[in-house]
Amino acid sequence: MTVTAPRAQLCIWTNIDPAFEADFNRWYDREHMQERVAIPGFQFARRFKALHDCARPYLALYCTRDAAVFTSEPYAQAFQHQTEWSLRNFARMQGTQRRVGTLDVEAGQGQGGMLAAFVLTAATVAQARARLDAQLAELVQGDGIVRATLQVTVPTLSVSLTAKDAPLPPADAVVLVEGTDPDAVRAAAETLAAAYGVPAAQVTRFAMLWRLGANDD
41 MTVTAPRAQL CIWTNIDPAF EADFNRWYDR EHMQERVAIP GFQFARRFKA LHDCARPYLA
101 LYCTRDAAVF TSEPYAQAFQ HQTEWSLRNF ARMQGTQRRV GTLDVEAGQG QGGMLAAFVL
161 TAATVAQARA RLDAQLAELV QGDGIVRATL QVTVPTLSVS LTAKDAPLPP ADAVVLVEGT
221 DPDAVRAAAE TLAAAYGVPA AQVTRFAMLW RLGANDD
């Protein structure tokens, strides 16, 4: 039997000063996503903006072949050769949460234009993993829901290569629920979050801005 490593994902959850927001979006749309998906092993990237007020209204997700991509030489080279535009925007980002993790559960098909996300502790995931897996598989059978994933954080990969002395982030996990109906996505995510003691206020809802595949022109 061939054992295949799960796909991995880089999750960047951040805010930006409104004074620089136009340049931030222009940079993401015209340079940054293109640079990242050009790295070998990156499959596609997506950008989202929150549908409500929250601490970090922008979300970027980068899906890769596996977690080894984040220790590869091409990935390291990308960090060592940043453009001035990138460095300016990195410095302007506020409250950023950066997570690299394995996509241990990918239930459903495709991707949805609406997304809701919340964070679970590592202890919670470990204690209820079988139950959570079954719940995510059941979730995507509901109307308006097309995809549900569990991204399990790898702390050693989640520290930026430009800030190696920063403390390791927690070994948590991100639950992502996607669909076509914003109300269905919200209800499904908030119901699942509540089952693990996560209040609705900690479920962030997003609309997708755009998607870029590695082979897109």
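Residue numbers (my numbering): 41 to 257. Beta carbons: idealized from backbone N, C-alpha and C, even for Gly. No experiment lies behind these values; they were computed from the predicted model shown.
| query | Who are the Cβ neighbours of isoleucine 79 in its own chain at under 6 Å, not counting the five residues just before and after it? | reply | Pro114, Tyr115, Ala118
| Contact check, arginine 245 vs valine 225, beta carbons under 9 Å | yes
| query | Could you give the distance in angstroms between the alpha-carbon of alanine 206 and the alpha-carbon of aspartate 183? | reply | 42 Å
| proline 195 versus alanine 131 - alpha carbon distance | 22 Å
| said: Looking at the secondary structure, which residues open and close the beta strand (DSSP E) in which threonine 193 lies? | reply: 185-193
| request: Determine the contact status of asparagine 129 and phenylalanine 60, defining contact as a CB-CB distance below 9 Å. | output: yes
| Pick from Leu127, Val217, Pro222, Arg47: whose alpha carbon is nearest that of glutamine 92? | A small correction: the amino acid at residue 92 is histidine; glutamine does not occupy that position in the sequence shown. The shortest Cα separation from histidine 92 among Leu127, Val217, Pro222, Arg47 belongs to Pro222.
| request: On a CA-only basis, which of Val165, Gly253, Glu71, Arg87 is nearest threonine 193? Give me that one, please. | output: Val165
| message | For cysteine 51, tell me which candidate among Pro239, Pro58, Asp69, Phe84 has the shortest Cα-Cα distance. | response | Phe84
| field | For arginine 87, the three-state DSSP class (helix, strand or coil) | value | strand
| Of the residues Gln137, Thr142, Arg96, which one's Cα is nearest the Cα of valine 109? | Thr142
| task | Kindly list the residues whose CB is nearer than 8 Å to the CB of methionine 41, restricted to its own chain and excluding five residues on each side of it in sequence; keep chain order. | result | Note that methionine 41 scores a pLDDT of 44, beneath 50, so its modelled location is shaky; the value from the coordinates is reported in the next line. There are no such residues.
| Burial state of glycine 253 (16 or more Cβ within 10 Å) | exposed
| query | Between serine 198 and aspartate 212, what straight-line distance do the alpha-carbon atoms span, to the nearest angstrom? | reply | 11 Å
| field | Own chain, CB closer than 8 Å to glutamine 242, minus 5 neighbours either side, in chain order | value | Phe158, Val159, Ala233
| glutamate 146 bridges to which residues according to DSSP? | Thr189
| query | Does the Cβ of glycine 219 have 16 or more other Cβ atoms within 10 Å, making it buried, or fewer, making it exposed? | reply | buried
| Which whole-angstrom value is the C-beta distance of threonine 104 and alanine 48, which I expect to be below 8 Å? | 5 Å
| request: Taking all protein chains shown into account, decide if glutamate 230 is buried (16 or more other Cβ within 10 angstroms of its Cβ) or exposed. | output: buried
| request: Quick one: give me the first and last residue of the beta strand (DSSP E) that asparagine 55 is part of. | output: 48-56
| request: Quickly, what does DSSP pair glutamine 137 with across the bridge? List them, please. | output: Trp53
| message | So, with DSSP's three-state summary, where would you put leucine 36? | response | Look at the range of the chain in this structure, 41 to 257, and you will see that residue 36 is not part of it.
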